[in-house]
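Just so you know, the sequence shown maps onto residues 1 to 926 in UniProt numbering. Cβ atoms here follow ideal geometry from the backbone N, Cα and C, with glycine treated the same way. All values reported here derive from a predicted model rather than from experimental measurement.
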Amino acid sequence: MVLNGTNDIGNTVLAVILVLLLLSEVLLTVKHTEDTLVLELAPRIHHECEAMLSLLDHYNWTDFTIITTQADGYSEFTYTLRRLAKKYSKTYSPDVIQHIQFEKKHEMLTIIEQAHLLGMTSSKYMWIISHKSLGKQTQTEGSLPAGILGISFEFEMNHMKLLIERATKIWTDALIVLARHTTNLNGPSFHLNMSCDGTRPLRWEEGKHLYRLMKNVVVQRYRQTPVEFKKDGTLKNVEINIVNLQRNRKWKLVGKWDNNGLKMHDIIWPGNSTSPPIGKPDRFFMRVVTLEEIPYVRYQDMESDKCSSNAVPCKVRKEIEQKNGKRQFTNETIPRCCVGLSIDLLRILSERIGFDFELFEVEDHIWGSRQTNGEWNGLVRSILDDKADFIMTSMKITPERSKAVDFTVPFLETGITIIVAIREGAVSPTAFLEPYDYPAWCLILVFSVHATGASIFIFEWLSPFGLHQGKTPIREHKFSLFRSFWLIWAMLFGASVNTDNPRGVSSRFLGNVWALFALVFLASYTANLAAFMITKEEFYDLSGIQDWRLMNPHALKPPFRFATTPNGSTETNLKTNYPSMYRYMSKFNQRDVTEGIYALKKNMIDAFIYDATVLEYRAGQDDLCKLRTVGNWYAMAGYGVAFPKGSKYIDQFNQVLLDLQHNGEMERLQKFWLAGACKKRDQTGESSNSLGILNFTSAFILLACGMALGSILLVVEHFYFRFGRKTLQKWDKCGCCGLVSLSMGKSLTFEQSVREAIERSRRHRCKDPLCETSLWKARHELDLALLKIEKLHLQLTSCGITPEPGAVWKLQSDCYNPCARETKKAIKFKEDNDNEDSPMKKGYKCELMEPVSVPVLLSDPADDQTNTTQLSTGTPHLNKQVFRRSPSYTTAMSVDEEPKPQAGKTRYHNGNYYIEVDNREIESVL
Numbered sequence: 001m002v003l004n005g006t007n008d009i010g011n012t013v014l015a016v017i018l019v020l021l022l023l024s025e026v027l028l029t030v031k032h033t034e035d036t037l038v039l040e041l042a043p044r045i046h047h048e049c050e051a052m053l054s055l056l057d058h059y060n061w062t063d064f065t066i067i068t069t070q071a072d073g074y075s076e077f078t079y080t081l082r083r084l085a086k087k088y089s090k091t092y093s094p095d096v097i098q099h100i101q102f103e104k105k106h107e108m109l110t111i112i113e114q115a116h117l118l119g120m121t122s123s124k125y126m127w128i129i130s131h132k133s134l135g136k137q138t139q140t141e142g143s144l145p146a147g148i149l150g151i152s153f154e155f156e157m158n159h160m161k162l163l164i165e166r167a168t169k170i171w172t173d174a175l176i177v178l179a180r181h182t183t184n185l186n187g188p189s190f191h192l193n194m195s196c197d198g199t200r201p202l203r204w205e206e207g208k209h210l211y212r213l214m215k216n217v218v219v220q221r222y223r224q225t226p227v228e229f230k231k232d233g234t235l236k237n238v239e240i241n242i243v244n245l246q247r248n249r250k251w252k253l254v255g256k257w258d259n260n261g262l263k264m265h266d267i268i269w270p271g272n273s274t275s276p277p278i279g280k281p282d283r284f285f286m287r288v289v290t291l292e293e294i295p296y297v298r299y300q301d302m303e304s305d306k307c308s309s310n311a312v313p314c315k316v317r318k319e320i321e322q323k324n325g326k327r328q329f330t331n332e333t334i335p336r337c338c339v340g341l342s343i344d345l346l347r348i349l350s351e352r353i354g355f356d357f358e359l360f361e362v363e364d365h366i367w368g369s370r371q372t373n374g375e376w377n378g379l380v381r382s383i384l385d386d387k388a389d390f391i392m393t394s395m396k397i398t399p400e401r402s403k404a405v406d407f408t409v410p411f412l413e414t415g416i417t418i419i420v421a422i423r424e425g426a427v428s429p430t431a432f433l434e435p436y437d438y439p440a441w442c443l444i445l446v447f448s449v450h451a452t453g454a455s456i457f458i459f460e461w462l463s464p465f466g467l468h469q470g471k472t473p474i475r476e477h478k479f480s481l482f483r484s485f486w487l488i489w490a491m492l493f494g495a496s497v498n499t500d501n502p503r504g505v506s507s508r509f510l511g512n513v514w515a516l517f518a519l520v521f522l523a524s525y526t527a528n529l530a531a532f533m534i535t536k537e538e539f540y541d542l543s544g545i546q547d548w549r550l551m552n553p554h555a556l557k558p559p560f561r562f563a564t565t566p567n568g569s570t571e572t573n574l575k576t577n578y579p580s581m582y583r584y585m586s587k588f589n590q591r592d593v594t595e596g597i598y599a600l601k602k603n604m605i606d607a608f609i610y611d612a613t614v615l616e617y618r619a620g621q622d623d624l625c626k627l628r629t630v631g632n633w634y635a636m637a638g639y640g641v642a643f644p645k646g647s648k649y650i651d652q653f654n655q656v657l658l659d660l661q662h663n664g665e666m667e668r669l670q671k672f673w674l675a676g677a678c679k680k681r682d683q684t685g686e687s688s689n690s691l692g693i694l695n696f697t698s699a700f701i702l703l704a705c706g707m708a709l710g711s712i713l714l715v716v717e718h719f720y721f722r723f724g725r726k727t728l729q730k731w732d733k734c735g736c737c738g739l740v741s742l743s744m745g746k747s748l749t750f751e752q753s754v755r756e757a758i759e760r761s762r763r764h765r766c767k768d769p770l771c772e773t774s775l776w777k778a779r780h781e782l783d784l785a786l787l788k789i790e791k792l793h794l795q796l797t798s799c800g801i802t803p804e805p806g807a808v809w810k811l812q813s814d815c816y817n818p819c820a821r822e823t824k825k826a827i828k829f830k831e832d833n834d835n836e837d838s839p840m841k842k843g844y845k846c847e848l849m850e851p852v853s854v855p856v857l858l859s860d861p862a863d864d865q866t867n868t869t870q871l872s873t874g875t876p877h878l879n880k881q882v883f884r885r886s887p888s889y890t891t892a893m894s895v896d897e898e899p900k901p902q903a904g905k906t907r908y909h910n911g912n913y914y915i916e917v918d919n920r921e922i923e924s925v926l
């Protein structure tokens, strides 16, 4: 019933529609928006779906099938039913058990007739008919089996009249409220400005206000929940009837569903049964034996005595560890959960074929191989002894096993491969040289360095601004061949050392070119150095099963060690095709893959041979990424499901496996369980590792070699100074060695020898103050003795007596007058006032009444500075004498101190010499 409506719901006059049960077949599927402005007095599809799921949950029916046609609302019905099923705690899955129908009545009758012919209307099946399929309930339903359930709304005339009265009340109550709002000055205006002749759509905008008022109306009912609407215009409180088809072919009300839940009464079950169906259809039962093989089968502990949704319960043998290290198992089993690729495949096969199973572990934990007595063990033995109906794990199909059991089509391809451990390698002792190859180093360090150094020296030798072919003194420009090499090496490695630079334009230009070469060299060297300074990973890169290290393990020292697991297809293949390899590796075999990987990491074996897919997974899941599969796959085969000979289930399993491969389901399982690259999980987010001492081993070796070579050069230098310098000095007459090395040239000169002697004498002076005082006193007495000797020498010369050869002091100039003793003229000294400020430069003038010269000794032989004293007379025959200060007038010096001049004075008066010490004149013993 539609009040004041048109054919276009979006352009209604009043824009308000009251939905009654008579139009529910159409309006149950109307989608509510803000513009539809619809009020529904009948339940919607999601109410019907909630009632159905409550019915399934009430009888613990966890599996159901939805049967529908393309009737109006079928997509919303199936979507809503699946969405609501996820909210329940129980697991609902599609199966042939309870059938929920959603189609028109005549379509429903056709489907029920076909199901009856297939025997699907017996006591093992329950059919639930939707309201749309049920239609109007007639007195007799002869074509429907007794016991089915239906979802029903009330269609009786009395109920329809009640709905009309309820709709009218909602309408009138809203108009009353609207009238009250109209009398209000601030209320809305409800003037209609419409014409039937106009082209504008007949729409009253104020109808939205009326729609809101109608949604707020609450209709009270006697002993029933009131009629209220939600924001979208649907009922808050809904009641749905559950009807049951009785044996007399009449529908009977057996339950009601509302917001508070489901209430059911006694019903008639299909097939005249006294109890409802058990919740699952007839499914055959099978015993499945397995063996752990990650990632195909993995054991997990149960949580709260339940397994997760992707796991199935399984029984595992209890293990006892013996002292000899062998694994022993008891007959007692413990419940566990099994997951993996084979378990997922088992669940799919169970659902597709329709069987229940019991999963248990093989007793002896062996895959199965033929013994020397012809008997089988392991998984194959369980099939032959009829302890299991089929094997579900990573069972490889081999010709020998195919003689004992029947296999399905392969569901996954595999082979035999080798896995090795990646170990940290040592840094090469020549790692710092590896950025360039040896020819490049020879070209750079041997040829380029020395050729460029020699060229710079030659350019400097020929340059007029440089050495100018030896015309420039070496003291003015210190440059040699070795110093040119020193400059080249310093520029090459950017060392901050003192160097002597060339002066010539050509040599400087060549130096700049070399600097550019050094920049390019260092940039490329530094960029590649880091890659060679880190430790490289090492592993045995085997080519395959026929690698020479496997065929002849004793060729390596120590011998190469490899292993596999016993009683498996890999061992059987090697035993048949490579008997010598099998005999050698038997002593290294591991009891399973886990122990084989452990032995490989602990360096107990060097390689492990096993199924390719299993080893690929192990390498990809290693925490530290220390495993790698190497070589080509060998003995390609496949994994299959093993059955006893002549099993009737093989064809069904083959059909499902082929369908899974055809639709890509097997590829999806393979990508989920086997794919994935190795990641270092404990170092996530880190971009690099710190370098340790081992990374710089080559640099430390280079430093040690440099220190050793420096020690050798030091010994050679000492040998040169002790033994080779004299020989080289005789040979080097032209000073060519000075052009090669300035240090060598200086070592060959006399000046250098003198300086060495002086330096040696200075270093041997004592530093004790008492010693210095005694030394000064001895020098002072020596000076006085020398003055006395000189005085006697003068006296002898003035008297015409020639002194004996070998006298200590010889006159540097003839300034003596032989008549000085006869004239007895006094000699007077006075200070030269020209340099009063510097005691070092003070001198004395000698004035003679008669031409005479007197020597005055005023210098230290060890002092490089000389003071001159002029001896002047009144005559033009004045001679000049060079005086030197006595060493006794110098202060005590340490080895590191420079000689300092003395301010002391010496004068001669009346035949006596007076010496100034500590600002006092002391008369000399002379």
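Secondary structure of residue 563 (DSSP, three-state): strand.
Here residue 253 carries a strand assignment [DSSP, helix/strand/coil]. Note that the C-beta distance between residue 637 and residue 397 is below 7 Å. It is roughly 18 Å from the alpha-carbon of residue 335 to the alpha-carbon of residue 364. Selection 228, 414, 528 evaluated against residue 611 yields 414 as nearest (Cα-Cα). Relative to residue 516, the option among 217, 529, 493, 260 whose CA is nearest is 493. Distance from the CA atom of residue 168 to the CA atom of residue 258, rounded to whole angstroms, is 24 Å.
Put simply, the backbone Cα of residue 483 is about 33 Å away from that of residue 532.
Across the set 402, 603, 401, 343, the C-alpha of 343 shows the shortest separation from the C-alpha of residue 392. By alpha-carbon distance to residue 455, the top candidate from 411, 435, 513, 419 is 513.
If you keep only unbroken alpha helix (DSSP H) runs of at least 4 residues inside the stretch 375-426, you get 378-384, 399-402. Annotated three-state conformation of residue 228 is coil, per DSSP. Looking at the backbone, the Cα of residue 320 and that of residue 368 are separated by about 21 Å. In the DSSP annotation of this structure, the continuous segment of the beta strand (DSSP E) that includes residue 65 starts and ends at 63-68. 7 Å or more divides the Cβ of residue 618 from the Cβ of residue 539. With a beta-carbon spacing of about 7 Å, residue 285 and residue 355 fall inside the 8 Å limit used to define contacts. Here residue 716 is exposed, its C-beta having fewer than 16 other C-beta atoms within 10 Å.
One alpha carbon belongs to residue 296, the other to residue 107, and they sit about 46 Å apart.
A distance below 6 Å between beta-carbons, with the five flanking residues on each side excluded, links residue 230 to the following residues of its chain, in chain order: 236. In terms of Cα proximity to residue 375, the closest of 389, 400, 561 is 400. If you draw a straight line from the Cα of residue 646 to the Cα of residue 406, it is about 7 Å long. In this chain, residue 621 is not harboured by any beta strand (DSSP E), its DSSP state being neither H nor E.
In this structure, DSSP gives residue 799 a state outside helix and strand, which the three-state scheme calls coil. At a Cβ-Cβ threshold of 7 Å, residue 277 and residue 126 count as neighbours. Inter-residue distance for residue 491 and residue 497 is about 10 Å (C-alpha atoms, whole angstroms).
Between the C-alpha atoms of residue 706 and residue 565 there is a straight-line separation of about 54 Å. Where residue 246 is concerned, there is no enclosing alpha helix (DSSP H), because DSSP gives it neither an H nor an E. Under the Cβ criterion (8 Å, minimum of three pairs), the stretch 639-656 does not count as touching the stretch 552-570. The alpha-carbon of residue 353 is positioned some 12 Å away from that of residue 659.
For residue 292, there is no enclosing beta strand (DSSP E), since its DSSP letter is neither H nor E. The beta-carbon distance between residue 47 and residue 312, rounded to whole angstroms, is 37 Å. This is too long to meet the 8 Å contact definition. Restricting attention to 241, 232, 247, 608, the CA atom closest to the CA of residue 134 is found in 241. A distance of 7 Å or more separates the beta carbons of residue 701 and residue 634. If you check the CB distance, residue 435 and residue 359 do not come in under 7 Å. DSSP places residue 611 in the uninterrupted beta strand (DSSP E) bounded by 607-611. If the five residues before and after residue 777 are omitted, its C-beta is found closer than 6 Å to no C-beta atom of its own chain.
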